[in-house]
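Residue numbering for the sequence shown follows our numbering, starting at 831 and increasing by one per position. Note that the Cβ used here is the ideal one computed from N, Cα and C, for glycine as well. A quick write-up on the structure given underneath.
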Amino acid sequence: MSPDDISNRVGVSSTSLRVLVTGASGYVGGRLVPALLERGHAVRCVVRDPRKLEPATWRGQVDVMQADVAEDLSEAMAGIDIAVFLVHSIGEGKDWAARERDIAENFRRAAEDAGVRRIVYLGGLGDDHSELSVHLRSRHDVGAVLAAGTIEVVELRAAVVIGAGSASFEMLRYLTEVLPVMVTPKWVDTLCQPISIRDVLGYLIAVIEAPDALGGILEIGGPDVVSYAEMMAIFAREAGLRRRWLIPVPVLTPRLSSLWVGLVTPVPAQIARPLVDSLVNSVTVTDHRAEILFPFELVPLAEAIRNAIGRTAVGDVPTKFDDASSPIWQATATDPSWTGGTEFTDVRSAVVPADPHRTWQAVCRVGGEEGWYRGEVLWKARGLVDRIAGGPGLRRGRRHPDRLSVGEPVDFWRVEDLEPDRLLVLFAEMRLPGQAWLQWTVEPVAGGSRLTQTARFRPRGLLGRVYWFAVAPFHRLVFPGLIDGIARHAVGEPTGVLSGPNPTEAP
831 MSPDDISNRV GVSSTSLRVL VTGASGYVGG RLVPALLERG HAVRCVVRDP RKLEPATWRG
891 QVDVMQADVA EDLSEAMAGI DIAVFLVHSI GEGKDWAARE RDIAENFRRA AEDAGVRRIV
951 YLGGLGDDHS ELSVHLRSRH DVGAVLAAGT IEVVELRAAV VIGAGSASFE MLRYLTEVLP
1011 VMVTPKWVDT LCQPISIRDV LGYLIAVIEA PDALGGILEI GGPDVVSYAE MMAIFAREAG
1071 LRRRWLIPVP VLTPRLSSLW VGLVTPVPAQ IARPLVDSLV NSVTVTDHRA EILFPFELVP
1131 LAEAIRNAIG RTAVGDVPTK FDDASSPIWQ ATATDPSWTG GTEFTDVRSA VVPADPHRTW
1191 QAVCRVGGEE GWYRGEVLWK ARGLVDRIAG GPGLRRGRRH PDRLSVGEPV DFWRVEDLEP
1251 DRLLVLFAEM RLPGQAWLQW TVEPVAGGSR LTQTARFRPR GLLGRVYWFA VAPFHRLVFP
1311 GLIDGIARHA VGEPTGVLSG PNPTEAP
């Protein structure tokens, strides 16, 4: 969201404020901070691990303070005008909801003691008088705890946030892309009012900068009220997918749904469970005070989805839902650089008693007449299958036995990237339910060089995932021989090089 876009929505800021932002390493906070800086505000970020902010382009423009929001915040709150609460502990242990309330009370008391003028909190939509899910009830309870003191609190309540990298969008994207036919629970007919991340930021900034007291709850949503089934249909249309068929059944429990979501999407089951539980609650705007106070034009759902798809496709995703520090994310995130979805890898390394130049030259001899060193029958069988499927197979070979250039074919691969003495990346042009790369990196070490070989695969749909696990046993036969063969070529004779398999789903 550009400064001009914000100004067009909420006007130009007339006063520079001192704003404290918690959750600055998270999805919303990581986008709010640069927007505040562009509008001339002084920003202080409270984070548990300051290293999380090092990659941010705005890191040098903010005051970063290391602190735990559950502990002493007196120093962090000193001199602050507006404190923004964007902390969420969803899924972190059995008592995460109680922990959230304790954190909120600690935050409020510190803000009161420091004389902070206003707390701004982003919570979740839902009718307080209905039977809310644990997730939504916790969001409301946090708002109530923050508002229980003497300080002014503005609680913005939103439903599904649509933006590249948001948890809601990634669940929607993966489920719709991967599954052309879905057996779904009844909640696909529940109504919700999605909102673009651009509009969420617009409302947050408008509330932060509001000169007069606002106090209370402001419900925010986009211009469209849809069911989750309709939202999936809109995504499919904007993504150019064929019609998705949904088959609702009454016996699919939230637990089973969350396990399926955890399997198919990058959102782990610990997070998916409370989110799926919340889908039984209708989350639409019933109080339109926010629209009256801040009457800027809202982004339609189809446009918001289109924007998110476009930014995801080119890797232009400044923040994502698993950016915030949490033990849940550390072993489950599956989108490398957010440029294309889940990526499976098979990583092997070897220490080669040869200098990097000789090792890299050996790498550049793979394929063609030289072959792939081990499991030639398997390589040829794969080439035959590829030819039958209409792919190039192994028949193209390579132009020169030991020299390569970017764009040159190597059997059913093509050279995508090449850095002399350091890197070679081959892109697979074989028929696949996804995209595949074979990559080698060479780095100098004592006594020679370290060679790292990485096979990468980005599956397309459910078939792509099935394919990866089906061929994994063959990888264990051919990939060790491939890296050992390269190492032997580098030294000109058999060596005792060790290669270690580490097949992983890359974070």
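Residue pairing for W1270: DSSP places it in a beta bridge opposite L1254, Q1283.
A direct Cα-Cα distance of roughly 14 Å separates P1274 from A1317. Under the 10 Å beta carbon count, I1122 is surrounded by fewer than 16 other beta carbons and is classified as exposed.
Of all alpha-carbon atoms in L1131, F999, V1013, the one lying nearest the alpha-carbon of V1056 is that of L1131. For the beta strand (DSSP E) assignment, the uninterrupted runs of no fewer than 3 residues enclosed by the stretch 1035-1079 are, from N- to C-terminal side, 1046-1049, 1075-1078.
The Cβ atoms of V975 and R931 lie closer than 7 Å to each other. If you compare the alpha carbons of I1025, D957, V1193 with that of I1135, the shortest gap goes to I1025.
In the three-state reduction of the DSSP assignment, S1026 falls in the strand class. DSSP places I1139 in the helix class (H, G or I) of the three-state scheme.
P1015 and F1124 have their alpha carbons spaced roughly 37 Å apart.
When DSSP states are grouped into helix, strand and coil, S968 belongs to the helix group. For G1223, there is no enclosing alpha helix (DSSP H), as DSSP marks it with neither H nor E. Between I992 and A1069, the gap from beta carbon to beta carbon reaches 7 Å or more. W888 sits in coil when the DSSP states are folded into three classes, being neither helix nor strand.
Around P1053, the same chain offers L1128, P1130 as residues with beta carbons nearer than 7 Å, after the five sequence neighbours per side are excluded.
Between L850 and I910 the beta-carbon gap is near 4 Å, inside 8 Å, which marks them as a contact. Taking a C-beta distance under 7 Å as the contact criterion, P885 and V894 do not qualify as a contact pair. Exclusion of the five residues before and after D1216 leaves G1223, F1242, M1260, R1261 as the residues of its chain whose Cβ lies within less than 6 Å of its Cβ. Beta-bridge partners assigned by DSSP to Q1265: R1288. If you ignore the 5 residues before and after D902, its C-beta comes within less than 8 Å of the C-beta of A940, all in its own chain and listed in chain order. At a cut-off of 4 residues, the continuous stretches assigned as alpha helix (DSSP H) that sit fully inside the stretch 925-987 are 926-944, 964-976. By the neighbour-count criterion, in which 16 or more other beta carbons inside 10 Å mark a residue as buried, Q896 falls on the exposed side. Across the set G1051, I1047, M1062, R1028, the C-alpha of M1062 shows the shortest separation from the C-alpha of P1010. Between the stretch 1249-1258 and the stretch 1288-1295, the count of C-beta pairs closer than 8 Å stays below three; the two stretches do not touch.
Counting the other CB atoms within 10 Å of its CB gives A1300 a total below 16, which places it among the exposed residues. Distances from the CA of R1003 to each of A978, C1022, I1035, Y1058 were compared; the closest alpha carbon is that of Y1058.
Where D1216 is concerned, the enclosing alpha helix (DSSP H) starts and stops at 1206-1218. Here G1278 is not near V1193, since their CB atoms are 7 Å or more apart. Rounded to the nearest whole angstrom, the CA to CA distance from E1060 to L1109 is 14 Å.
The three-state reading of DSSP puts D1117 in coil, since its state is none of H, G, I, E or B.
Out of S960, G1201, R1212, G1213, the CA that lies nearest to the CA of H1230 is found in G1201.
About 7 Å separates the beta carbon of N1111 from that of S960, a gap short enough to meet the 8 Å contact definition. Counted as a single uninterrupted DSSP element, the beta strand (DSSP E) harbouring T1014 occupies residues 1011-1014. For V972, the CB contacts under 6 Å within the same chain, skipping 5 residues up- and downstream, are E930, A934 in chain order. Taking a C-beta distance under 7 Å as the contact criterion, T1172 and R1286 do not qualify as a contact pair.
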